[in-house]
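All remarks here apply to the structure that follows.
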Amino acid sequence: MVTIPNRRVAVALALVFAALAVVPLVGETYALKVATRMIVFAIFAMSLDLLLGYTGLVSFGHAAFFGLSAYSLQLVSPESEAANLITALPQCLGVTAAAAALIGMLVVRTAGIYFIMSTLALAQMFFFFFHDSPIAGGSDGAYIWYKPVLTIGATALLDLDGRETLYYFALACLVLCYGFLVVVLRSPFGEVIQGIRVNEHRMRALGYDTRRFKLVSFVLSALMAGLAGFLFACIDGFVAPQLLGWRESGIGLVMVILGGMGTLYGSIIGAFAFIGMEEIVRDRQFTGVMAEHWQILMGVFVIVVVLFLKNGLAGLFAEPPIRRPATKEEP
Amino acid sequence: MSEVVLKTEGVSKNFGGLYAVRNVSVAFEHGRVEVIIGPNGAGKTTLINLLSGDLAPTDGRIVYRGRDVTGLPAHRLSKKGIGRSYQITNIFPQFTVHRNVWLASQSRLPSCMRFLRPAGRYRQVAERVDRALSLAEIAHRAGDVAAQISHGEQRRLEIAMLLAAEPDVLLLDEPLAGMGAEETGGIVTLIRSLARDHCVVLIEHDMDAVFAVADYLTVMVGGSILESGPPDVIRASEDVRRAYLGDSSTAVLAGAAAP
Amino acid sequence: MDVTLFLLQTLNGIQHGLLLFLVASGLTIIFGIMGVINLAHGSFYMIGAYLALSLTQWTGSLFGAVLLGIPIAILLGLAIERLFIVHLYDRDHLQQVLLTFGLILIFNELQSIVWGDDPHSVPKPAMLAGSVPVTETLSYSTYRLFLSVVCLVVAGCLYLVIHRTRLGMRMRAGAYNAEMVRSLGIDTRRLFAVVFAIGVSLTALAGIIAAPDRSLYPGIGEQVLIISFVVVVIGGIGSVKGAFVGAILIGLADVYGQAYLHDFRGFASAAVYALMAAVLLWRPTGLFGRR
Numbered sequence: 147m148v149t150i151p152n153r154r155v156a157v158a159l160a161l162v163f164a165a166l167a168v169v170p171l172v173g174e175t176y177a178l179k180v181a182t183r184m185i186v187f188a189i190f191a192m193s194l195d196l197l198l199g200y201t202g203l204v205s206f207g208h209a210a211f212f213g214l215s216a217y218s219l220q221l222v223s224p225e226s227e228a229a230n231l232i233t234a235l236p237q238c239l240g241v242t243a244a245a246a247a248l249i250g251m252l253v254v255r256t257a258g259i260y261f262i263m264s265t266l267a268l269a270q271m272f273f274f275f276f277h278d279s280p281i282a283g284g285s286d287g288a289y290i291w292y293k294p295v296l297t298i299g300a301t302a303l304l305d306l307d308g309r310e311t312l313y314y315f316a317l318a319c320l321v322l323c324y325g326f327l328v329v330v331l332r333s334p335f336g337e338v339i340q341g342i343r344v345n346e347h348r349m350r351a352l353g354y355d356t357r358r359f360k361l362v363s364f365v366l367s368a369l370m371a372g373l374a375g376f377l378f379a380c381i382d383g384f385v386a387p388q389l390l391g392w393r394e395s396g397i398g399l400v401m402v403i404l405g406g407m408g409t410l411y412g413s414i415i416g417a418f419a420f421i422g423m424e425e426i427v428r429d430r431q432f433t434g435v436m437a438e439h440w441q442i443l444m445g446v447f448v449i450v451v452v453l454f455l456k457n458g459l460a461g462l463f464a465e466p467p468i469r470r471p472a473t474k475e476e477p
Numbered sequence: 206m207s208e209v210v211l212k213t214e215g216v217s218k219n220f221g222g223l224y225a226v227r228n229v230s231v232a233f234e235h236g237r238v239e240v241i242i243g244p245n246g247a248g249k250t251t252l253i254n255l256l257s258g259d260l261a262p263t264d265g266r267i268v269y270r271g272r273d274v275t276g277l278p279a280h281r282l283s284k285k286g287i288g289r290s291y292q293i294t295n296i297f298p299q300f301t302v303h304r305n306v307w308l309a310s311q312s313r314l315p316s317c318m319r320f321l322r323p324a325g326r327y328r329q330v331a332e333r334v335d336r337a338l339s340l341a342e343i344a345h346r347a348g349d350v351a352a353q354i355s356h357g358e359q360r361r362l363e364i365a366m367l368l369a370a371e372p373d374v375l376l377l378d379e380p381l382a383g384m385g386a387e388e389t390g391g392i393v394t395l396i397r398s399l400a401r402d403h404c405v406v407l408i409e410h411d412m413d414a415v416f417a418v419a420d421y422l423t424v425m426v427g428g429s430i431l432e433s434g435p436p437d438v439i440r441a442s443e444d445v446r447r448a449y450l451g452d453s454s455t456a457v458l459a460g461a462a463a464p
Numbered sequence: 119m120d121v122t123l124f125l126l127q128t129l130n131g132i133q134h135g136l137l138l139f140l141v142a143s144g145l146t147i148i149f150g151i152m153g154v155i156n157l158a159h160g161s162f163y164m165i166g167a168y169l170a171l172s173l174t175q176w177t178g179s180l181f182g183a184v185l186l187g188i189p190i191a192i193l194l195g196l197a198i199e200r201l202f203i204v205h206l207y208d209r210d211h212l213q214q215v216l217l218t219f220g221l222i223l224i225f226n227e228l229q230s231i232v233w234g235d236d237p238h239s240v241p242k243p244a245m246l247a248g249s250v251p252v253t254e255t256l257s258y259s260t261y262r263l264f265l266s267v268v269c270l271v272v273a274g275c276l277y278l279v280i281h282r283t284r285l286g287m288r289m290r291a292g293a294y295n296a297e298m299v300r301s302l303g304i305d306t307r308r309l310f311a312v313v314f315a316i317g318v319s320l321t322a323l324a325g326i327i328a329a330p331d332r333s334l335y336p337g338i339g340e341q342v343l344i345i346s347f348v349v350v351v352i353g354g355i356g357s358v359k360g361a362f363v364g365a366i367l368i369g370l371a372d373v374y375g376q377a378y379l380h381d382f383r384g385f386a387s388a389a390v391y392a393l394m395a396a397v398l399l400w401r402p403t404g405l406f407g408r409r
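Chains as they are written, first to last, in the working numbering: chain H, 147 to 477; chain P, 206 to 464; chain W, 119 to 409.
So this is what it looks like as structure tokens:
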């Protein structure tokens, strides 16, 4: 099956998840924070891979949903107490899904380069909205003073203010998202979107209303990006317009390509590698004076990845996924 | 008395002032192989595109089973039961043969907005795939990547995809293009057998195959219908011979006349 | 509504649109002929603007900055084309987007190293520094009028090049069918280099002459780039005529939005995107795009 990696990758993934599970036991605060960021961006990149690698839609505006959800958390959080996770998360994802549905209806009408440009432009509209408007601090951004707490009845079960709690919560989200996408990609819906990626015209001739499927894929993907944004807002408890900007969208794309498009687990590798790389180039120990101008090094890194790493990191240690027929391993 | 399944009433298609199809009225019946012939540029493929919904007519009506379907998009017509194959092979090259046919078969599910149950568990879809694969005699290639099978096999795959969707009307745009003589024979037999419970509309250039397979012929020239009738009527028609200017095609027609 | 003020806003909108046209036309011909979507296009606007800053100080005149700045930008553009863009001709849009995204990161950091992160301004040439009185209380900046005239002259030249020269013929054919031009056996390497240089010089010129009218700050390149994307999407990719119409429409929408939606902060800058959305609903491939 397409999304189930071969045994080697499955073992490697299990090892990675096991290693991730013990990070809080060994790492100090900063390392834990970086690891949380890696996990959050892995979810973000994976959501983008659903569009990029499986539906064939190159969205350059995916950060809009990441940022919109993060901002929603800021807006639904009361000023002097913590929001309840049970209500806050659905609210944030609801806002994100509504925005994605609106934008999606517009952009799925376009194709190719028009799709790239219009997703970028519409995402930028959200950026300017939060940048210029007085809500949530405008261009300065705003704080989330109290992180969400999962409360049922009167008992607080999870407090995302705790670094380790947040970390494990994010890790659980990553595993769930991965599992969910694997299931979805094997379903009839998954077959359809993968068909659209390869030959949309033929899919239409076969009787599929391809726009509807692209729209649903777009919204699903945005929802997952929204989950990542929600978690991200919990890391620093701070949101700024940059979260919705084109730079974040571009970084998401780079992560997917770096890891290997259309593999899901590649996005996880890509996000880890990209954030790891960022940490390295920003560290004086490794890059000396260039550490201050680390963006140049990241730019060079991005160019090298595009020019020389066609199948991404996943392609280095696993053959590209073999596309087997849907029923071959039927019990 | 056969029933008319699909018909056009004075349809035209105009591309920037040029008529590719002009005021064409045809009726296609259930249980017959209907063949459209004509020289290059006669508007045959455009007519098929109009029937399949890939193009919308500039003028006129298209009626399918008594309902006006003019201007419906391709995916709606496909759902209603009008399936087509393409002159230039139009498949999913990176996917296996099985998965290609799967996508066609799955399109008949009431809804494909199903997210959780694995696609492979849908029994009926799988059965249709198997039936289509064996009908089109391509089952032995099921596990191979579509891009890597031979041209003739890809044409068979096209037909398998068409059959898997279990359409009522089969629009075949030159299904024999690029096939060897041996492969041609097999497809001709297949088309004949399909005509028993379908309406088959076929565009073809290979005159031997045309006369071997046709129940009824429509000759198009310059976007309009020149003549139509059973094979022996067309064979005898002077107009048709003249329309196929040049000796070779006349020879082809004459040659095909001999059994 | 004050009619005179409205007319002045309209003039502002047209002037803004004409500048946008210089940037967007470059973007659109580079895509139309070379098949490359170049995100770093906005960086040449930024480079032009900052070159205006340095060269005006050095030569003492904006015209000196134009005369020196454009060749510098072209040389830089040709170097970028030879070093990076050539690798993108057979690649898909995604890779083009990402590589040029990497270039933006580098250019922006270099800008910050050379010119710093503080906003700068460039003095207007003395003879254009004044303003033309319109009514007793309102006047219009002479420099802005000058800007509009320069842009119109450049647009006119571009029109002549496109409709009267062989290069222009290829550009039109390229916008209509890029593969065809590439398969005609034309020395595409040279054609592409020329086209890229034209695109870069148009954008750099826009950056240089806009500098005295606007302040310079980090990120101006991307701001112009994204608005130019909107212009190109509205006009239809590859169409210079579309870029012109789109640019004027967007220029007006932007200025009217800022002027009349002023009280709804956050929505003022949304006017241009609303316009784009409307066009996309109506014609998904833009006003003058191929269907």
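We put the CB at the ideal spot given by N, CA and C, even for glycine. Just so you know, these numbers come straight off a predicted model, no measurement behind them.
| query | chain H partners of residue 296(P), CB-CB under 8 Å? | reply | Correct list: 345, 348.
| Going by the CB atoms, is the gap between residue 290(P) and residue 380(P) shorter than 7 Å? | In contact: residue 380(P) and residue 290(P) (Cβ atoms closer than 7 Å).
| Is the shortest distance between the beta-carbon of residue 464(P) and the beta-carbons of chain H less than 7 Å? | With a pLDDT of 38 at residue 464(P), under the threshold of 50, the modelled position of that residue is not reliable, and the figure given next carries that caveat. Residue 464(P) has a beta carbon lying at 7 Å or more from every beta carbon in chain H.
| field | Cβ-based neighbour list, residue 134(W), same chain, cut-off 7 Å, excluding 5 preceding and 5 following | value | 369, 372, 373.
| query | Between residue 389(W) and the rest of its own chain, which residues show a CB-CB distance below 7 Å, the 5 nearest in sequence each way excluded? | reply | Here the set comprises 371, 372, 374, 375, 379.
| task | Give me the Cβ distance between residue 358(H) and residue 398(W), rounded to the nearest whole Å; I'm assuming they're in contact under 8 Å. | result | Cβ atoms of residue 358(H) and residue 398(W) stay farther apart than 8 Å, at about 18 Å.
| field | residue 265(P) versus 219(P), 448(P), 208(P), 413(P), residue with shortest Cα-Cα distance | value | Ranking 219(P), 448(P), 208(P), 413(P) by Cα distance to residue 265(P) puts 219(P) first.
| Quick one: does residue 466(H) have its CB under 7 Å from some CB of chain W? | In this predicted model, residue 466(H) has a pLDDT of only 49, less than 50, meaning its place in the structure is not dependable enough to derive any value.
| field | Supposed close pair residue 372(H), residue 265(H) - CB separation, criterion 8 Å | value | 16 Å between Cβ atoms; not a contact.
| field | Reference residue 386(H), options 221(H), 152(H), 175(H), 191(H), closest by Cα | value | Measuring C-alpha to C-alpha distances from residue 386(H) to each of 221(H), 152(H), 175(H), 191(H) identifies 221(H) as the nearest.
| Beta-carbon proximity list for residue 411(W), same chain, < 6 Å, skipping 5 on both sides | Missing from the structure shown is residue 411(W); chain W here goes from 119 to 409 and no further.
| task | For the segment 353-371 of chain H, enumerate the residues whose C-beta is nearer than 9 Å to any C-beta of chain P, in chain order. | result | For the segment 353-371 of chain H, which is checked against every Cβ of chain P, the residues closer than 9 Å are 353, 354, 355, 356, 358, 359, 362, 366.
| request: Count the other C-beta atoms from every protein chain shown that fall within 10 angstroms of the C-beta of residue 345(P), then say buried if there are 16 or more, exposed otherwise. | output: Burial is judged here by how many other beta carbons sit within 10 angstroms of a residue's own beta carbon; residue 345(P) has fewer than 16 and is exposed.
| field | CB contact below 7 Å: residue 336(H) versus chain W | value | By this cut-off, residue 336(H) is not an interface position.
| Can you tell which of 387(W), 123(W), 395(W) has its C-alpha closest to the C-alpha of residue 254(W)? | Nearest option by C-alpha distance: 123(W).
| Of the residues 277(W), 127(W), 150(W), 171(W), which one's Cα is nearest the Cα of residue 322(W)? | Residue 171(W) holds the alpha-carbon nearest to the alpha-carbon of residue 322(W) among 277(W), 127(W), 150(W), 171(W).
| request: Return the CA-CA distance between residue 227(W) and residue 299(P), expressed in angstroms with no decimal places. | output: Between residue 227(W) and residue 299(P), the C-alpha separation is close to 41 Å.
| said: Given this structure, state the Cα-to-Cα distance separating residue 305(H) from residue 433(H), to the nearest angstrom. | reply: Rounded to whole angstroms, the gap between the alpha carbons of residue 305(H) and residue 433(H) is 37 Å.
| request: Flag this pair as yes or no: are the beta carbons of residue 339(W) and residue 160(W) separated by less than 7 Å? | output: A contact, by the Cβ cut-off of 7 Å.
| is_contact[residue 254(H), chain P] using C-beta, thresh 7 Å | No, residue 254(H) lies away from the interface with chain P (no Cβ there is under 7 Å from its Cβ).
| request: Would you mind working out which of 383(W), 354(W), 394(W) sits nearest residue 259(H), comparing C-alpha positions? | output: Residue 354(W) is the option with its Cα nearest to residue 259(H).
| said: Closest to residue 296(H) by C-alpha separation, out of 427(H), 247(H), 236(H), would be which residue? | reply: Cα-wise, what sits closest to residue 296(H) is 236(H).
| said: Is there a C-beta anywhere in chain H that falls below 7 Å from the one on residue 388(W)? | reply: Interface residue, yes.
| message | Just to confirm my understanding: we take residue 476(H), look at its own chain, exclude 5 residues before and 5 after, and list those with CB closer than 7 Å. What are they? | response | Because the pLDDT at residue 476(H) is just 34, under 50, the model does not fix this residue reliably, and the value given afterwards should be weighed accordingly. Cβ within range, chain order: n/a, list empty.
| Coarse secondary structure for residue 403(W), derived from DSSP in three states | Coil, per DSSP.
| said: Quick check: the segment 446-456 of chain H against the segment 392-408 of chain H, are at least 3 beta-carbon pairs closer than 8 Å? | reply: Using a C-beta cut-off of 8 Å, the segment 392-408 of chain H makes contact with the segment 446-456 of chain H, since at least three inter-stretch Cβ pairs fall below that distance.
| said: Which of the three DSSP states is assigned to residue 293(H) in this structure? | reply: It is coil, neither helix nor strand.
| Going by Cα to Cα distance, which pick from 129(W), 150(W), 173(W) is closest to residue 406(W)? | Comparing Cα-Cα distances from residue 406(W) to each of 129(W), 150(W), 173(W), the minimum goes to 150(W).
| query | Between the Cα of residue 309(P) and the Cα atoms of 421(P), 369(P), 238(P), 224(P), which residue gives the shortest distance? | reply | Proximity to residue 309(P) across 421(P), 369(P), 238(P), 224(P) peaks at 369(P), based on C-alpha coordinates.
| query | Along the segment 307-328 of chain P, what residues have a CB closer than 9 Å to any CB found in chain H? | reply | If the cut-off is 9 Å between Cβ atoms, the segment 307-328 of chain P has 307, 308, 309, 311, 312, 313, 314, 316, 317, 318, 319, 320, 321, 322, 323, 324, 325, 326, 327 near chain H.
| said: Distance check for residue 409(H) and residue 199(H), CA to CA, integer angstroms please. | reply: Going by the C-alpha atoms only, they are around 7 Å apart.
| message | Quick check on residue 310(H): buried or exposed, where buried means 16 or more other Cβ atoms within 10 Å of its Cβ? | response | Burial call: exposed.
| request: May I ask you to list the residues that DSSP assigns as paired with residue 238(W)? | output: Partner(s): 334(W).
| field | Simplified DSSP state of residue 425(P), which is helix, strand or coil | value | Looking at residue 425(P) - three-state DSSP - the assignment turns out to be strand.
| Whose CA, out of 248(H), 285(H), 330(H), lies closest to the CA of residue 390(H)? | Just measuring C-alpha positions, the residue of 248(H), 285(H), 330(H) sitting nearest residue 390(H) is 285(H).
| In three-state terms, what does DSSP make of residue 362(P)? | In the structure shown, residue 362(P) adopts helical secondary structure according to DSSP, grouped into three states.
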